[in-house]
Structure formats: C-alpha cells, structure tokens
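Residue numbers (our numbering): 776 to 1328.
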C-alpha cells in the first residue's frame, strides 16, 4: 500500500516536473522569439539609419534619392508656374489700381490693364533674376560651409517668401517682389544641394542629376494646383501658409538624409552621412579629389598636353584645378553662352504668356484659363522628359573605354549629343512660339517643357562632368549668375513689345535668331574631343616608337 502511494507520488512529481520543463521550454522559446524579433527590428532600424551593413546604406541612399526627388518636384521651382499664379492674383485684384478706363474706337467703355500686366512681368523678372544671380554667392556658401548650412539658408528664405505671400493683399501688392524672389532663391538652393545625390549612384549619375532638374521644372505645377484649389474655394493665403508649414519636411531631411559637408565622388568605402546612431564620415571634397590618382577620370577639364592654339585651355600644372583656370576656359565660355541665350528665350515666353494668350483669345477668360491650365499640366511632364537627357549622357557607362581614353574624356564626348539636341529643341520651340496661331501653342507648350528639362539638367550635368567637383558650387553659381545678367534683357524685350502694341512677333523673331548661337557649344565640344583623341594617338605613336627604339639596343 505504501509502495503504491509512493509510486503515485513519484508519478505525480514526474508529471509536474515534465509540465514545469515544458512550461520552461515554452517560456524560453517565447523569450528567444522575442529576442529574435527585437534583434531583427534593431538591425532593420540600424540599416535604415545607415548604422551597419551595406544593405542599410543602400536603403539610405534610395531614401535620400526619393525624398530629394519629392523636394524638387513639390517645392524647388514653383516660381516658374507664374502664369497660373497670375490668374489668381488678377482675380484677387493685385495691382488692379494700375488699370485705367478707356474708350475704344466704337465708343464703348473698357479698361486698359497693360500697366498691371507690366508689373506682373516685372515681378517674374526680378524673381527669375534673383533665382540665378544669387546662385554665385550661394555657390560659395555651399562650397565653403557645406550642405547643412546651405540648406538652413534655403529653408529660411523659402519659409519667409511663402509666409510673405500669405500675408499679402490687394493693398500690399508690392510684397510680391521680395516674396517671389525669396521663394526662387530658396528653391534653387534646394536643387543645388540635391544635385550631389547623383554621386551616390555612380553609373547613373548624370541620369539622376537630369531627373532632379526635370523635377525642378515640373514643380511649377504647384501653382496650377493652387489655382485649381482657389477655384474650389481655398484661399491663396491658406495655400501659402500650408507651403510654409511644409518646411518642416526640409528641416528633417537636412538633419537625417543629407551630409553636413558634401557627398564625394567616387564614393569611398564605408561612407556615411546624416544624423544616425553611428558617427557620419565628413569629407573635404577638394582634399579627397587631390588624393585620387591624377590619371583618373576626376582630373577633369585638364588635358595631358594642352592645345597650343587654345589660349584659354585648362593646363596640366599647379593651376589645373584652380577656379580661375576653369572660368578662363573655352568650355566654360561657350557653355555660358549656350545657357544664356536659351534661358532668355524661356524667360521672355513665360513672362509674356498671359498677355499673349489674352491677345490670341480676344480677351476671353475661359479660353485663357484653359490654355493656362494646359501649359501648367505640360510642366508636370518635365520630370518624365529629363531622364532621357541623362540616359543620353550615361549611355557609354557600361561600355569599355577606348584605348588610352580616360573616363572624363568619354563623359565629355557623350555630352555632345545632349548639347546638340537641346539647342535644336530650343530652335523649334522658338519658331512655334513666334507663330501667332492659338491652337499651335499646345505644341509650343510641349516643346518648351521638353527643352527646359533638357536645358537645366544638361547644364548641371555638363558642369559636373567638365570641371572638378570641388568647384561645382562656385561654377554652377557663376554660370547661373552671369546668365541671370543676360536674362535682364527680357525687360528691354518687354518694353519693345509694349512699343509694338503688345504684339511679340518681332521680338520673338529676334530671339529665334539669337538661339542659333547655342549651336556653337556642341560643335566646339565635339572638335575639342576630336583634338584630344588626336593628341592621345600621337602620344601612343611616340611611346610605341620609343619602345621599339629601346628594344633595338
């Protein structure tokens, strides 16, 4: 009996021990599962922050690319949707005190608002000039103080500009002058700091640069959205207050997804940037490039043997990477002319679009609104057109280089087709814009956005190809500033247009002939590359002859 009880107690204890063991195993399994889940979550977070692992770095690169595209698409170039905003501003009565009552030939009483249109054109002229001209000092700020300081300046200017528009009214129409200028300068700074993101994606570098510039062009559709919302009952002030609040996005991106200084090219191993759980790596681009192999593709804009016939040719000496030698090169001079004449053509077209449509539509506001909306919608396609230019410039990346050809020379040669197509597009656009036939303006809008996306994307990509990255901000700023001085010619064009009774036909013809100067640049780059090829062949022939002569002894 006692033995039976002892057996029962033993079995009971055994069962209890087994249950305890199973419970312990279950708890241990749960703990292990939780630990794994926590570990996986930690690793994923670290990778998102770029703290460890190449995969995390890739995710961070892609996130930087995507948010930069969004920033350029929604904020950077909104000022170039001016034609849509003018429609809203006119409805709200901005500069309406400049309209005067007149009596036409039939004796009917009407109003002459030419002075109002002139002031709206002047607002755009000032904004577009400041957008480009201040890029030079901003380029120095970018090169010397880095990305973070430049973006803080951009955020301040953009927030101030949008807030001033929100506070403006019919009685305070003059506030549009500083407001649009601040928005324009802040926007171009966003673009300037985003262009370096292309360095993160080596073989697609030019493509990404052109995509960002295309997004910059497409952001002009934001003013169309404001116009549509205005027609639905959303006030102009509410829309611009919302744009002011969105600057929080720029601030977060500056802190977490952009470098403090610059993104070098090519990307060094283990490169990190932005605020994260690991310390980011800071690089001085000028020192980094100086440490590269002098025979590498980064010795750009410099010939191994400078052309004797080219007095402004960059030379391979102590000044080869100097800012002065870059500015005094024929590559820079012809590129400046190429950009300036086409930019002037675009600015005059955008500045006179609203009065031109009014003239061709016989002052019918419904038709003018329809064509204004069509123009703004075509601007959205800039981000779709721009990649084609980048693909043209990157088409050689996956092919082996020719014998003795440097990557810089291959990049430069590849840019010729892009420069030529951009010049041809501008010529066709200018011809269509000169023909006073209203339905043809749909084709003009398409050619304008195509050419504009090629123009600014090609401008940034060419400067990054032809010259050292340590001078990119200064050279980009200088070429934009000097082209801004040329763009001031649009105001004499507006005055001449007014003298001619508001008919822009003759001014358009003059500007069409002026755009022919843009073809000089691709021709020069082509001849320059051919001369480089001849020099390389001669050098190889001399080297082979020397080797044969030495082998004979």
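Virtual Cβ for every residue (Gly too), placed ideally from N, Cα, C. These numbers were taken from a predicted model, which means no experiment stands behind them.
Exercise for the section: Identify whether residue 872 lies in helix, strand or coil by the three-state DSSP scheme. Expected result: For the purposes of this step, residue 872 is taken as residue 97 along the chain shown, with counting starting at 1. In the structure shown, residue 872 sits in a helix (DSSP, three-state: H, G or I).
Problem - Spatial neighbours of residue 1156 in its chain, beta-carbon cut-off 6 Å, leaving aside the 5 residues before and after - result: On the chain shown, residue 1156 is found 381 positions in, with the first residue counted as 1. Only 1224 meet the Cβ criterion.
Problem - Range of the contiguous alpha helix (DSSP H) that encloses residue 886 - result: In the chain shown, the residue the question calls residue 886 occupies position 111. Per DSSP, residue 886 belongs to no alpha helix (DSSP H); it is in the beta strand (DSSP E), 884–887.
Practice task
Evaluate residue 1020 with the Cβ neighbour count: other Cβ atoms within 10 Å of its Cβ, from every protein chain shown; 16 or more gives buried, anything less gives exposed.
Solution key: In the chain shown, residue 1020 corresponds to position 245, counting from 1. Result: exposed.
Exercise for the section: Give the range of the alpha helix (DSSP H) segment to which residue 1118 is assigned. Expected result: Within the chain shown, numbered from 1, the residue matching residue 1118 stands at position 343. Following the DSSP letters along the chain, one finds residue 1118 inside the alpha helix (DSSP H) bounded by residues 1105–1126.
Problem - Rounded straight-line distance, which links the Cα of residue 1220 to that of residue 839 - result: As a position in the chain shown, residue 839 is number 64, starting the count at 1. As a position in the chain shown, residue 1220 is number 445, starting the count at 1. In this structure, the CA atom of residue 839 is about 31 Å from the CA atom of residue 1220.
Exercise for the section: Determine, using beta-carbon pairs with one atom in the region 1010–1020 and one in the region 921–938, whether at least three such pairs fall under 8 Å. Expected result: Contact holds: three or more Cβ-Cβ distances are below 8 Å.
Handout entry: Rounded Cβ spacing between residue 999 and residue 856 (contact assumed at less than 8 Å)
Key = By one-based count along the chain shown, residue 999 stands at place 224. By one-based count along the chain shown, residue 856 stands at place 81. Going by Cβ atoms, the distance from residue 999 to residue 856 rounds to 6 Å, so yes, they are a contact pair.
Practice task
Report yes if the CB atom of residue 959 is closer than 8 Å to the CB atom of residue 847, and no otherwise.
Solution key: Start at 1 with the first residue of the chain shown, and residue 959 comes out as number 184. Start at 1 with the first residue of the chain shown, and residue 847 comes out as number 72. Not a contact, by the Cβ cut-off of 8 Å.
Practice task
For residue 812, name the three-state secondary structure that DSSP assigns.
Solution key: Your numbering for residue 812 matches position 37 in the chain shown. In this predicted model, residue 812 has a pLDDT of only 37, less than 50, meaning its place in the structure is not dependable; the value taken from the coordinates is given anyway. When secondary structure is reduced to three states using DSSP, residue 812 falls in the helix class.
Exercise for the section: Given a cut-off of 8 Å, decide if residue 1166 and residue 1254 are closer than it, judged by their beta-carbon atoms. Expected result: In the chain shown, counting from the first residue as 1, residue 1254 sits at position 479. In the chain shown, counting from the first residue as 1, residue 1166 sits at position 391. No, they are not a contact pair.
Practice task
Could you check what DSSP says for residue 1282 in three-state terms: helix, strand or coil?
Solution key: On the chain shown, residue 1282 is found 507 positions in, with the first residue counted as 1. In this structure, residue 1282 counts as helix in the three-state DSSP scheme.
Exercise for the section: Look at the alpha carbon of residue 851 and the alpha carbon of residue 1291, and state the distance between them as a whole number of angstroms. Expected result: Here residue 851 refers to the residue found at position 76 of the chain shown. Here residue 1291 refers to the residue found at position 516 of the chain shown. For residue 851 and residue 1291, the distance between alpha carbons rounds to 30 Å.
Practice task
Determine, using beta carbons only, whether residue 1265 and residue 1122 come nearer to each other than 8 Å.
Solution key: Here residue 1265 refers to the residue found at position 490 when the chain shown is read from its first residue. Here residue 1122 refers to the residue found at position 347 when the chain shown is read from its first residue. For residue 1265 and residue 1122, yes; Cβs fall inside 8 Å.
Practice task
Starting from residue 1008, follow the alpha helix (DSSP H) in both directions and report where the run begins and ends.
Solution key: The residue labelled residue 1008 in the question sits at position 233 within the chain shown. Run containing residue 1008: none; DSSP gives neither H nor E here.
Handout entry: Beta-carbon contacts of residue 1050 that lie in its chain and below 6 Å, excluding the five residues immediately before and after
Key = Counted from its first residue, the chain shown places residue 1050 at position 275. Closer than 6 Å at Cβ, skipping near neighbours: 1030 and 1031.
Practice task
With a 10 Å radius around its C-beta and 16 neighbouring C-beta atoms as the bar for buried, classify residue 997 as buried or exposed.
Solution key: Residue numbering aside, residue 997 sits at position 222 when the chain shown is read from its first letter. Result: buried.
Handout entry: Between the CA atoms of residue 871 and residue 894 - distance to the nearest angstrom
Key = Taking the chain shown and counting its residues from 1, one reaches residue 894 at position 119. Taking the chain shown and counting its residues from 1, one reaches residue 871 at position 96. Approximately 10 Å, taken between the alpha carbons.
Exercise for the section: Decide if the region 1299–1315 is in contact with the region 1126–1135; the criterion is three or more beta carbon pairs, one per stretch, under 8 Å apart. Expected result: Contact between the region 1299–1315 and the region 1126–1135 is absent, because fewer than three Cβ pairs lie under 8 Å.
Exercise for the section: Tell me where the alpha helix (DSSP H) around residue 865 begins and ends. Expected result: Start at 1 with the first residue of the chain shown, and residue 865 comes out as number 90. 857–866 is the span of the alpha helix (DSSP H), which, as asked, contains residue 865.
Practice task
Can you say whether residue 987 is buried or exposed, counting buried as having 16 or more other CB atoms within 10 angstroms of its CB?
Solution key: For this step, residue 987 is matched to residue 212 along the chain shown. When all chains shown are included, residue 987 counts as buried.
Handout entry: Separation of residue 964 from residue 915, as counted between CA atoms
Key = Within the chain shown, numbered from 1, the residue matching residue 915 stands at position 140. Within the chain shown, numbered from 1, the residue matching residue 964 stands at position 189. Take the alpha-carbon of residue 915 and the one of residue 964: they are about 12 Å apart.
Practice task
Figure out for me which residue from 920, 1001 and 834 has the closest Cα to the Cα of residue 1151.
Solution key: Position 376 of the chain shown, counted from the start, is the residue given in the question as residue 1151. Of the listed residues, the one whose Cα sits closest to residue 1151 is 1001.
Handout entry: Beta-bridge partners of residue 878, as assigned by DSSP
Key = Reading the chain shown from its first residue, position 103 is the one you call residue 878. Note: residue 878 sits in a beta bridge opposite 884.
Exercise for the section: Compute the distance between the beta-carbons of residue 932 and residue 957, then report whether it is under 8 Å. Expected result: Position 157 of the chain shown holds residue 932. Position 182 of the chain shown holds residue 957. For the pair residue 932 and residue 957, the CB atoms are nearer than the 8 Å cut-off.
Practice task
Rank 1312, 974 and 1161 by C-alpha distance to the C-alpha of residue 743 and give the top, closest one.
Solution key: Shown here, the chain extends from 776 to 1328; a query on residue 743 therefore has no answer.
Problem - Cα-Cα separation, residue 950 to residue 1181 - result: Residue 950 sits at position 175 when you count from the first residue of the chain shown. Residue 1181 sits at position 406 when you count from the first residue of the chain shown. Spanning the alpha carbons of residue 950 and residue 1181 requires a straight line of approximately 52 Å.
Problem - Candidates 1321, 1294, 867 and 1249: closest to residue 941 by CA position - result: Indexing the chain shown from 1 puts residue 941 at position 166. Distances from the alpha-carbon of residue 941 to those of 1321, 1294, 867 and 1249 put 867 closest.
Problem - Expected contact under 8 Å - CB spacing of residue 1222 and residue 1195 to nearest Å - result: What you label residue 1222 is simply residue 447 of the chain shown in a count that begins at 1. What you label residue 1195 is simply residue 420 of the chain shown in a count that begins at 1. Incorrect: roughly 16 Å between the Cβ atoms, too far for contact.
Handout entry: Cβ neighbour criterion (16 or more within 10 Å) applied to residue 1025
Key = Here residue 1025 refers to the residue found at position 250 of the chain shown. Its Cβ being crowded by 16 or more others within 10 Å, residue 1025 is buried.
Exercise for the section: Can you have a look at residue 1125 and say buried or exposed, based on whether 16 or more other CB atoms are within 10 angstroms of its CB? Expected result: As a first step, residue 1125 is located in the chain shown; it is residue number 350 there, counting from the start. So residue 1125 ends up on the buried side.
Problem - Supposed contact pair residue 1164 and residue 985 - C-beta distance, whole angstroms, cut 8 Å - result: The residue given as residue 985 occupies position 210 in the chain shown. The residue given as residue 1164 occupies position 389 in the chain shown. Residue 985 to residue 1164, Cβ: 5 Å. Contact.
Practice task
With a threshold of 16 other CB atoms inside 10 Å of the CB of residue 930, please say whether the residue is buried or exposed.
Solution key: As a position in the chain shown, residue 930 is number 155, starting the count at 1. Residue burial is scored here from C-beta neighbours: residue 930 has at least 16 other C-beta atoms within 10 angstroms and is therefore classed as buried.
Handout entry: Residue closest to residue 980, alpha-carbon to alpha-carbon, out of 862, 1327, 1240 and 1311
Key = As a position in the chain shown, residue 980 is number 205, starting the count at 1. Residue 1240 is the option with its Cα nearest to residue 980.
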